[in-house]
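Student: Just dropping this structure here.
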Amino acid sequence: MKIYVFPEGDPADPENFVAPIRLLDPLKALSVKYGVQFLCHHPYLESELLNADLAIVQRACFNSLRELNHGLMLLHKARRAGVRIVYELDDHIFCPNLPELIAASAVDELDEEAYNLTQAHREILALADYLTCPTEPLAEALHQLGCAAKALVIPTSLDFNRARWSSTLLTPQETKNHLHIGWSGGSRVGRDLEIIVPALTEILRTHPNVTLVVAGSLKYARLFSGIQSKQLRLLEWVEYDSYPALLSIFDLALIPMQDHAYNRCKSALKVIDHAAVGVPCICSPIAPYITFPKLDCTPVLALDEEWLMRIEEVLQSNRAGELHREQLAKDARQRYGLRENLSSYWSAFNEMIAEPVDSEFVIR
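Quick note: the sequence shown uses the numbering used here, first residue 30, plus one each step.
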């Protein structure tokens with residue numbers, strides 16, 4: 030099987046998270062176990078596209094309209110030559126009202142140029158023979174946009190055999206006297222974070238031995254201006270290989286999300302990430318978290334008015350030694366490990382080589 034890949038971002042960039050998780054790590058594992066051959070797009074390799082069985086395009090992978098138009102030309106040519114076109118999406122980047130969903134945030138501003146370029150990638154939806162995505166709601170939402178491609182739902186699995194996941198967990202003794210509540214994330218989440226500001230402000234006021242750790246997009250630190258600086262720790266975004274070690278600093282992770290179309294199409298990747306290093310999460314009670322099969326103590330669900338109570342409960346469980354981090358990490362890695370779930374990718378890729386089928390979605 031030969032696969033030509035248009036990954037989002039530079040595959041060699043150590044800060045590239047998206048391409049390894051949903052595309053490159055699975056392809057490397059398929060290469061080792063099943064002999065799959067794959068190439069990442071490069072101008073010098075374009076002729077190889079016509080020799081591929083599948084061409085996989087990831088998210089908004091083209092950096093300009095000129096690149097996008099050239100890519101569409103290549104994909105049309107490949108499709109005429111019998112190459113199956115696959116569009117890999119891990120969230121609803123084409124959500125119709127996305128600008129309105131972030132416009133009211135005190136922190137986020139819409140980058141209109143980047144947004145318009147992303148929306149221009151919708152032409153790939155019309156061209157694709159197949160979609161691959163991690164959740165059923167995302168597959169349904171893309172079909173509601175008029176996409177006729179068959180959607181294969183492949184739940185996200187992580188390659189826990191890689192060195193990035195070998196970081197040592199904090200021992201109970203190290204976490205007993207001082208607790209770290211953490212949040213990590215990228216852009217377009219200002220309105221989500223605003224949900225938990227009152228609860229966190231109160232928690233830190235009444236618990237001097239608790240520190241809030243904000244990692245990733247540090248612009249969100251301004252939301253917590255009411256918190257004493259000695260209880261607020263800011264961590265710059267790290268390379269993907271250092272990401273699990275960063276998460277292991279937390280004793281508790283918070284994942285607040287407003288209930289709207291964009292968030293409902295997300296996957297539970299963050300819960301898996303944190304659980305894999307033994308960190309429980311409190312999440313908003315929306316898809317994907319309400320359908321997530323619980324792993325020991327995670328996730329705990331909290332309505333907007335329940336965050337203070339839920340955080341207090343988890344902190345108390347931590348102090349009482351009732352949170353078993355090592356067992357949580359073990360269970361998460363066994364359930365969501367790429368090695369254990371590689372057959373889902375292999376089955377899907379073999380199906381996509383077959384003749385095109387009518388629009389529908391299949392859960393792997």
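Yeah, the Cβ is synthetic: ideal placement off N, Cα and C, and Gly gets one too.
Please read all numbers here as calculations on a predicted model, not as lab measurements.
Around the Cβ of D372, are there at least 16 other Cβ atoms within 10 angstroms (buried) or fewer (exposed)?
Tutor: In the sequence as displayed, the identity of residue 372 is Ser instead of Asp. Exposed is the call here.
Student: Opposite G245 in the DSSP bridges: which residues?
Tutor: G214, E265
Student: Where E203 and A304 are concerned, what is the direct C-alpha to C-alpha distance, given to the nearest angstrom?
Tutor: For E203, the pLDDT reaches just 47, beneath the cut-off of 50, and the residue's location in the model is therefore unreliable, although a value from the coordinates is still provided. Rounded to the nearest angstrom, the two C-alpha atoms are 18 angstroms apart.
Student: Is it the case that the segment 246-265 contacts the segment 177-194, given that we only count it when at least three CB pairs across the two stretches are under 8 angstroms?
Tutor: no
Student: When we look at the beta-carbon of Y159 and count the other beta-carbons within 10 Å, is it buried (16 or more) or exposed?
Tutor: buried
Student: Quick one: which unbroken alpha helix (DSSP H) runs of 4-plus residues sit fully inside the segment 53-96? Chain order, please.
Tutor: 54-63
Student: Per the DSSP calculation, F279 is bridged to which residue(s)?
Tutor: Looking at the DSSP assignment, F279 forms no beta bridge with any residue, so it has no partner.
Student: By the three-class DSSP mapping on this structure, what secondary structure does G366 have?
Tutor: strand
Student: Could you check where the alpha helix (DSSP H) with T235 kicks off and where it finishes?
Tutor: 226-235
Student: By Cβ distance below 6 angstroms, which residues in the same chain neighbour V47 in space, the five residues on each side in sequence not counted?
Tutor: E37
Student: On the three-state DSSP scale, how would you describe H209?
Tutor: Residue state, collapsed to three classes: strand.
Student: Quick check: A377 and T161, are their CB atoms within less than 8 angstroms of each other?
Tutor: yes
Student: In whole angstroms, what is the alpha-carbon distance linking V34 and F67?
Tutor: 7 angstroms
Student: Please check the pair C294 and T147, which I expect to be a contact at CB under 8 angstroms, by giving their CB distance rounded to whole angstroms.
Tutor: Not confirmed; about 15 angstroms, so no contact.
Student: Report the three-state DSSP secondary structure of A177 (helix, strand or coil).
Tutor: Three-state DSSP puts A177 in coil, outside helix and strand.
Student: What is the DSSP secondary structure of E117, counted as helix, strand or coil?
Tutor: strand
Student: Tell me, please, which residues DSSP counts as bridged to Y291.
Tutor: DSSP output for Y291 lists no bridge partner at all.
Student: Taking 7 angstroms as the cut-off, is the beta-carbon of C312 closer than that to any non-hydrogen atom of the ligand GDP?
Tutor: Of ligands this structure carries none, so the ligand GDP is not represented either.
Student: Do you know how far the Cα of Q356 is from the Cα of L199?
Tutor: Below a pLDDT of 50, predicted positions are generally treated as unreliable, and L199, at 49, falls in that range; the measurement from the model is reported next regardless. If you take the alpha carbons of L199 and Q356, they lie about 13 angstroms apart.
Student: Could you give the C-beta distance for P55 and Y374, rounded to a whole number, given that I count them as a contact under 8 angstroms?
Tutor: 5 angstroms
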